[in-house]
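As given, the protein sequences belong to chains A and B, one line each in that order.
Counting in my numbering, the final residue of the first sequence is number 146, and the numbers go up one at a time with none missing.
Counting in my numbering, the final residue of the second sequence is number 146, and the numbers go up one at a time with none missing.
Yeah, the Cβ is synthetic: ideal placement off N, Cα and C, and Gly gets one too.
There are 2 protein chains.
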Amino acid sequence: MFLGQYTYTLDGKGRLTIPARFREEFTGAAVVTRGLDHCLTIYPLTVWEEIAQKVNALPITDPRGRALRRIFFADAMNATLDRQGRVLLPDRLREYAGVDLNAEVVIVGLDRFLELWSPQRWEEANARQMELMDEDPALWENLQI
Amino acid sequence: MFLGQYTYTLDGKGRLTIPARFREEFTGAAVVTRGLDHCLTIYPLTVWEEIAQKVNALPITDPRGRALRRIFFADAMNATLDRQGRVLLPDRLREYAGVDLNAEVVIVGLDRFLELWSPQRWEEANARQMELMDEDPALWENLQI
DNA sequence: ATAATAGTGGGTAATTGTGGGGGGAAATGG
DNA sequence: CCATTTCCCCCCACAATTACCCACTATTAT
Chain A
2 MFLGQYTYTL
12 DGKGRLTIPA
22 RFREEFTGAA
32 VVTRGLDHCL
42 TIYPLTVWEE
52 IAQKVNALPI
62 TDPRGRALRR
72 IFFADAMNAT
82 LDRQGRVLLP
92 DRLREYAGVD
102 LNAEVVIVGL
112 DRFLELWSPQ
122 RWEEANARQM
132 ELMDEDPALW
142 ENLQI
Chain B
2 MFLGQYTYTL
12 DGKGRLTIPA
22 RFREEFTGAA
32 VVTRGLDHCL
42 TIYPLTVWEE
52 IAQKVNALPI
62 TDPRGRALRR
72 IFFADAMNAT
82 LDRQGRVLLP
92 DRLREYAGVD
102 LNAEVVIVGL
112 DRFLELWSPQ
122 RWEEANARQM
132 ELMDEDPALW
142 ENLQI
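As C-alpha cells, this is what we get:
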C-alpha cells in the first residue's frame, strides 16, 4: 500500500531511489512505464502482470490490438533495485517525464503503484485536478464513493 | 518478459544481437518469422508452439485463415543463438523488414515475444499507433486499467 | 546519547555490443 | 566420387557501458 508524496533527487547516473518504506513491495523487481499526463508509473511486478495479461488478451489480428501492445510494452522497462534500493531510469522515460539528471523528482504513492513527476508538472497537475473536480461534479457522482 | 525498445546494429554478416537481458528466455532456440506491418517477430520456442497451434486452428476455408497460415509458416525459420547471443537473419526476412547490412534496427519487447523494425518504419508505425489510440479511446476504457 | 537506517555520491570490476579471423561442414560443379 | 568453393559457427578482441560495492552524512529511532 503506497501512500504519500516524497521529493527525491535523481542522481547524475539517472538512478532513482525508491523510498525505503516502499521497497519491500518491490521484492527484486519493478516495472517502470509511461503514464498519462507525462508522468512515469512504477508497478510492483505482481500488479504489472495483471495489467499485462489484459493487454495480451487483445487480438493480434486487430491493428488497434497491435498498436496498444506496442505502446504499452515498448516503453516499459523491467528494473531491479540495487542494494541501495535504486532503479536506473532509461533516458527515454526520463525525458518523457521532463526530468533532468541531478534534479528533483516527486514520487507519489497511489495505493497499488507509484507515479514519478517532475516537480513543475506535479504542481500544475495538482492545480488542474482540483479545477476538474470543481467544474464537473457529475464526475464524482459516477464514482459512487 | 520482454519489455522496452533497443537500437542495435545488424553486422556485415547479417547477424542480429539479441539484447543480453532477453537471452535466457531463448535457451537454445528462437523462431523468426514475418510479422504484420512489415516487421519481423522473434519467438522463444515455447511461445511459438502455442501460437502455431492457434494458427493451425483457423479454418482453411477462410481466405484470411489461409493467408495468415502462409505468412506465418512459409517464412519462418528456426534460429539458434551463437555464443555471443546472435542470430543469423536470412536475406529474405531482412529485406522484408527493410533493413540493410551494417545498419541499425530497433528491437521491441512485446512481453511474450520480440519485434524487429527498421528505425524509419518503427517511427512511422509509432506515429500511426498514437493516432489510432487518440481516435478510439474506447479501447483503453475496455481494458479497465 | 548512541545506534541504526536513510539518502546520496562515486570507484571498480564485470558485462555488453560489435567487429573480424579461422576452421570445418555443407553445397556446388566437374 | 572427388575437388573446390561457399557459407556458417566458434573464438578472440576491445571499447563502452553497466551494475555492483563501498563510503559518507544526515536523519530517525532506541
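Leaving out the 5 sequence neighbours to the left and right, which residues in its chain are closer than 8 Å to residue i when beta-carbon positions are compared?
| i | result |
| --- | --- |
| Lys-55/B | none |
| Thr-42/B | Val-33, Thr-34, Arg-35, Gly-36, Phe-114, Leu-115, Glu-116, Leu-117 |
| Gly-15/B | Leu-89, Leu-90, Pro-91, Asp-92, Arg-95, Leu-102 |
| Thr-47/A | none |
What do you reckon, are the CB atoms on residue i and residue j nearer than 7 Å?
| i | j | result |
| --- | --- | --- |
| Trp-49/B | Val-32/B | yes |
| Ile-108/A | Tyr-44/A | no |
| Gly-13/B | Leu-102/B | yes |
| Phe-27/B | Leu-117/B | no |
| Arg-93/B | His-39/B | no |
| Leu-111/B | Phe-3/A | no |
| Arg-24/B | Gly-86/B | yes |
| Leu-133/B | Ala-68/A | yes |
Could you give the first and the last residue of the continuous beta strand (DSSP E) run that contains residue i?
| i | result |
| --- | --- |
| Ala-128/B | Run containing Ala-128/B: none in the beta strand (DSSP E); it sits in the alpha helix (DSSP H), 120-136. |
| Pro-45/A | 41-45 |
| Arg-16/A | 16-18 |
| Asp-112/B | 105-112 |
| Leu-82/A | Segment: none, Leu-82/A is in no beta strand (DSSP E) and carries neither H nor E. |
| Arg-35/A | 30-35 |
| Gln-145/A | Counting along the chain, Gln-145/A falls outside any beta strand (DSSP E), and DSSP gives it neither H nor E. |
| Val-100/B | Careful: Val-100/B lies outside any beta strand (DSSP E) and carries neither H nor E. |
| Phe-3/B | 3-10 |
| Arg-22/A | Unbroken run through Arg-22/A: none, as it is neither H nor E. |
| Leu-89/B | 87-89 |
What residues from chain B crowd round residue i, counting only those whose CB sits closer than 7 Å?
| i | result |
| --- | --- |
| Phe-74/A | Leu-4, Gly-110, Leu-111, Asp-112 |
Skipping 5 residues on each side, what residues in its chain have a beta carbon closer than 6 Å to that of residue i?
| i | result |
| --- | --- |
| Arg-35/B | Ile-72, Asp-76, Tyr-97 |
| Pro-120/A | Glu-105, Val-107 |
| Ala-80/A | Ala-31, Val-33, Val-88 |
Run through chain A and tell me which residues come within less than 7 Å of residue i, C-beta to C-beta.
| i | result |
| --- | --- |
| Leu-37/B | Arg-67 |
Can you list the residues of chain A that residue i reaches, using a CB-CB cut of under 8 Å?
| i | result |
| --- | --- |
| Asp-137/B | Arg-65 |
Which residues of chain B have a Cβ atom closer than 8 Å to the Cβ of residue i, listed in chain order?
| i | result |
| --- | --- |
| Asn-1/A | This structure gives no information on residue 1/A, because the portion of chain A shown stretches from 2 to 146. |
| Ala-98/A | The premise fails here: Ala-98/A is roughly 16 Å from chain B at the closest Cβ pair, so nothing lies under 8 Å. |
| Val-32/A | Leu-4 |
Got a sec? Which residues, its chain only, sit under 7 Å from residue i by beta carbon, not counting five neighbours each side?
| i | result |
| --- | --- |
| Asn-127/B | none |
| Gly-66/A | Leu-59, Pro-60 |
For the alpha helix (DSSP H) that residue i lies in, which residues bound it at each end?
| i | result |
| --- | --- |
| Ala-68/A | 64-75 |
| Arg-95/B | 92-97 |
Please compile the residues from chain B whose C-beta is within a distance smaller than 9 Å of the C-beta of residue i.
| i | result |
| --- | --- |
| Asn-127/A | Going along chain B, no residue has its Cβ under 9 Å from Asn-127/A, so there is no contact; the nearest lies around 22 Å. |
| Ala-21/A | Ordered by position in chain B, no residue passes the 9 Å Cβ test against Ala-21/A, which lies about 26 Å from the chain. |
Regarding residue i and the ligand MN, is the C-beta to nearest heavy atom distance less than 6 Å?
| i | result |
| --- | --- |
| Glu-124/A | In terms of ligand content, the structure shown is empty, and the ligand MN therefore cannot be addressed. |
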